[in-house]
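When the letters of the sequence shown are read in order and numbered with our numbering, they come out as residues 85 to 329. Built from N, CA and C at the ideal position, the CB exists for glycine as well. These numbers come from a predicted model, not from an experiment. Down below is the structure, laid out as structure tokens.
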Amino acid sequence: MHVTHEDMGSFEFFLRAFGIRPVPFLARETDIASLDPAEADLVLILGGPMGVYEADTFAHLHHEIRFAERRIAAGKPTLGICLGSQIIAKALGANVYKGPRGKEVGWFDVKVTEEGQHTPVRYFDKSSGPVMQWHGDTFDLPAGAKRLVTSDKYENQGFSFEDNTLALQFHPEVTELKLERWYASGKCDMNECSTCPDTIRADAHKYGDTLRQRNRLFFTEWLSQVTPHLTDKHPRLENADLVDA
């Protein structure tokens, strides 16, 4: 994690339902350089308010990028969300920068590409409803990566690299309650955003449960592909009850 209010969200529930014990840590309080990038069965790199290009101010970003480079090179399952997707893009040699079309904050449609339709990210296509966006930065598609998700505002919303690395610019993990914590944290100066807080709250109430179910389908399928040695022992989550937390 980069900040405590941007935690694993619904991902944590799904991991625990599979009997997988997540070990969260704050990047700024962790000696990342001392970690073995290939040790963990799965790594989730989550969101945060800083930019990859601010690594000289947030020194832990240098270590995270190097960690991601080494983990990807080792072929270990890695999922990046928002800032995490940008860290992965940077680790793969792509440029990360302020979005020229401004911030994208609120519930918006994304389109899954033809290539993405054959992957677990297909559950996020606009045909099933909008997803939650909260970012002002974007990135170029890394060499060798496959673009899986795009949107009208920013072309690169999700990509995969080889078999075990996945990056998503949007936030499939959010819940209605988690978003309230984001508002309280001052995550974003809402005056800089085109969508007002009341609209975001109303849309979270309208679309939040559906997004959580779509994320369940996505994450269950993706986990089963990249960590079959962990997930084959446990039932899938098709009928699991989800409780906001």
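Just so you know, the alpha carbons of T234 and Q170 end up roughly 15 angstroms apart. Between L163 and V196, the gap from beta carbon to beta carbon reaches 8 angstroms or more. Burial is judged here by how many other beta carbons sit within 10 angstroms of a residue's own beta carbon; Q201 has fewer than 16 and is exposed. Counting every other CB atom within 10 Å of its CB across the protein chains shown gives K187 a total of 16 or more, marking it as buried. Taking the C-beta atoms as reference points, A124 is found no nearer than 8 angstroms to H86.
Secondary structure at A117: helix, using DSSP grouped into helix, strand and coil. P161 and H144 have their alpha carbons spaced roughly 21 angstroms apart. In the DSSP assignment, Y181 falls within the beta strand (DSSP E) that extends over V180 to K182. Here the region 99 to 107 does not lie against the region 131 to 142, with fewer than 3 beta-carbon pairs under 8 angstroms apart.
Judged by DSSP in its simplified three-state form, T88 adopts coil rather than helix or strand. Sixteen is the threshold: when 16 or more other Cβ atoms of the shown chains lie within 10 Å of the Cβ of D221, as they do, the residue is buried. If you compare the alpha carbons of L225, A158, A157 and W191 with that of D209, the shortest gap goes to W191.
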